[in-house]
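Structure first, commentary second.
2 protein chains.
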Amino acid sequence: MDQNKIPQATAKRLPLYYRFLNNLQMQGKTRVSSKELSEAVKVDSATIRRDFSYFGALGKKGYGYNVEYLLGFFRKTLDQDELTEVALIGVGNLGTAFLNYNFTKNNNTKIMLAFDADPEKVGKEIGGVPIYHIDDMEERLGNVKVAILTIPAQEADRITERLVVKGIKGILNFTPARITVPDDVRVHHIDLAIELQALVYFLKHYPLEKMGNEEENTY
Amino acid sequence: MDQNKIPQATAKRLPLYYRFLNNLQMQGKTRVSSKELSEAVKVDSATIRRDFSYFGALGKKGYGYNVEYLLGFFRKTLDQDELTEVALIGVGNLGTAFLNYNFTKNNNTKIMLAFDADPEKVGKEIGGVPIYHIDDMEERLGNVKVAILTIPAQEADRITERLVVKGIKGILNFTPARITVPDDVRVHHIDLAIELQALVYFLKHYPLEKMGNEEENTY
DNA sequence: ATTAAGTCGTGATTAACTTCACATATTCAC
DNA sequence: GTGAATATGTGAAGTTAATCACGACTTAAT
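Protein chains in written order, with this note's numbering: chain A, 12 to 230; chain B, 12 to 230.
Encoded structure:
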């Protein structure tokens with residue numbers, strides 16, 4: 012499928028570029044340089060040029076990049092012409108935050124349905140997304156291939172097992188549990204407690220210089 | 012401060028190790044091998060041994076690691092003996108999720124206060140954390156050095172500026188905005204929309220093999 | 001005591017990614 | 001047109017991290 016040549020680090024930055032290009036177009040800008048882009052997304056301009064170069068020569072020397080062309084290119088590359096359907100498991104505070112987040116706005120990714128065990132929530136809608144009972148998950152899931160996991164950690168393994176059996180191929184896991192899946196299922200962990208603790212650790216042990224940025228700010 | 016020799020990639024994994032060691036101790040286990048640890052946290056066992064080795068010889072050949080010793084060591088290394096105070100800016104769904112999350116349980120990191128612009132929320136408490144008006148931020152912040160930003164993107168720059176002036180040194184930024192800060196302030200971005208989009212991109216363009224894991228599952 | 005099995009710590013290697021630096025091409029002002 | 005300024009695309013170098021593979025040591029069983 013496509014060029015598998017594109018480094019993963021580059022792939023992770025593509026959505027960021029895409030979003031910012033959308034902003035630029037809405038502002039009516041027609042051209043942009045890697046330097047401008049760099050300041051906006053906080054990625055070194057050489058890295059941006061390298062990233063783009065994996066897809067060929069998208070820019071013009073002495074000019075920069077044409078916003079509309081670049082945007083069209085990324086739209087295709089990021090499959091933005093087809094809607095990606097997502098399921099959300101666990102309608103707590105974090106889950107609710109996702110339901111109220113309008114991903115479709117410039118992502119063409121949509122949470123189609125949500126599940127929870129709380130009878131108070133079942134049958135309601137949040138952000139236009141219907142909430143079903145977790146027991147009905149298998150029959151409701153249909154052909155959805157991506158799930159967001161915002162449930163208590165102790166439920167993670169059991170629910171994951173059920174998702175995998177039903178054919179889910181991608182899981183965005185917000186539980187602290189390190190879930191086990193077959194080789195053909197991709198899991199991205201986002202562990203809020205660890206992110207916070209890591210930030211604190213860096214603050215105490217990797218002091219940044221007031222001037223002369225030998226170390227980068229974000230990672 | 013300490014050894015700056017520890018790779019950032021290692022530092023990011025320390026909180027993960029720490030949490031799992033806590034679990035082990037609660038289960039009454041007294042010893043653990045890098046192989047066991049590897050299966051639990053999904054990090055290659057050689058990487059774990061390498062990570063630990065930056066702190067000296069913590070294990071014993073043919074035996075593994077003593078859970079209690081290791082735990083005590085990491086407690087010191089991760090400064091778990093002193094409480095780290097954190098402020099939360101923006102009490103929406105995402106912010107509320109944080110307030111209800113008991114970080115202190117095994118982190119010794121505590122959200123001390125929260126701010127919001129909504130008069131409905133000001134004066135209340137969530138998860139034991141008092142909510143103040145955003146206009147009172149400067150006078151209430153005191154000596155807190157770390158902030159979690161869960162506000163709308165368009166507010167991000169203005170609030171960040173105020174936080175920086177007040178002396179905040181670390182920001183966990185959940186807004187899509189790429190905020191600008193002086194060199195001595197550290198920002199970690201967690202961009203939920205981008206995480207989701209990146210996962211979808213990987214699913215479509217980097218298919219995983221059912222067997223023979225040439226590519227890793229998590230990143 | 002001897003042996004087999006287990007496990008660490010690490011030198012060496014490989015891999016992945018970032019950044020530098022510059023030849024080359026384009027634009028723009030006058 | 002001409003020259004100065006601007007920017008790309010990329011070879012090469014640098015940086016960081018992951019992984020291999022094995023010597024050295026420990027444990028435990030017989």
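The beta carbon of each residue, even a glycine, is placed where N, CA and C say it ideally should be.
One finds 30 in chain A with Cβ atoms closer than 8 Å to the Cβ of residue 187(B), taken in chain order.
When secondary structure is reduced to three states using DSSP, residue 41(A) falls in the coil class, being assigned neither helix nor strand. Per DSSP, reduced to three states, the secondary structure at residue 63(A) is helical.
For residue 92(B), no Cβ of chain A is located within less than 8 Å of the residue's own Cβ. Per DSSP, reduced to three states, the secondary structure at residue 134(B) is coil, with no helix or strand assignment.
In the assembly as shown, residue 26(A) is a buried residue. Its beta-carbon has 16 or more other beta-carbons within 10 Å. DSSP, reduced to helix, strand and coil, places residue 26(A) within a helical segment of the structure shown. The three-state reading of DSSP puts residue 185(B) in coil, since its state is none of H, G, I, E or B. For residue 115(A), the enclosing alpha helix (DSSP H) covers residues 115–118.
Residue 88(B) sits in a helix when the DSSP states are folded into three classes. The contact set of residue 85(A) on chain B, defined by CB atoms closer than 9 Å, is empty, because the minimum CB distance reaches about 11 Å. Below the 7 Å Cβ cutoff, chain B contributes no neighbours of residue 57(A), its closest Cβ being approximately 18 Å away. One alpha carbon belongs to residue 84(A), the other to residue 39(B), and they sit about 56 Å apart.
Shown here for residue 42(B): same chain residues with a beta carbon closer than 8 Å to its own, the five before and five after excluded, namely 74, 75, 76, 77 and 78 in chain order. Per DSSP, residue 54(B) lies in no alpha helix (DSSP H) segment and is marked neither H nor E. For residue 202(A), the CB contacts under 7 Å within the same chain, skipping 5 residues up- and downstream, are 187 in chain order.
Interface with chain A (8 Å Cβ-Cβ cutoff): residue 158(B) is excluded.
Remark: C-beta atoms of residue 210(A) and residue 197(B) approach each other more closely than 8 Å. One alpha carbon belongs to residue 29(A), the other to residue 89(A), and they sit about 9 Å apart. Residue ranges of uninterrupted beta strand (DSSP E) with 3 or more members, entirely inside the stretch 134–203 of chain A and ordered along the chain, are 140–144, 157–160, 181–184 and 197–200. Of the residues assessed, residue 61(A) falls on the exposed side of the cut-off, its CB having fewer than 16 other CB atoms within 10 angstroms. If you ignore the 5 residues before and after residue 148(B), its C-beta comes within less than 7 Å of the C-beta of 126 and 173, all in its own chain and listed in chain order. Counting only Cβ-Cβ distances below 9 Å, residue 135(B) has no contacts in chain A at all, with the closest Cβ about 15 Å away. DSSP, reduced to helix, strand and coil, places residue 209(A) within a helical segment of the structure shown.
Each residue's CA atom was taken as its position, placing residue 175(B) and residue 123(B) some 18 Å apart. By the CB criterion at 8 Å, residue 33(B) and residue 117(B) fall inside the cutoff.
Under the three-state reduction of DSSP, residue 78(A) is assigned to helix.
The residue among 166(A), 143(A), 139(A) and 164(A) with its C-alpha nearest the C-alpha of residue 130(A) is 143(A). The beta-carbon separation of residue 134(A) and residue 110(A), rounded to 15 Å, does not stay under the 8 Å limit for a contact.
For a cut-off of 8 Å, the C-beta gap from residue 105(B) to residue 161(B) is around 4 Å, short enough to register as a contact. The Cβ atoms of residue 168(A) and residue 190(A) lie closer than 8 Å to each other.
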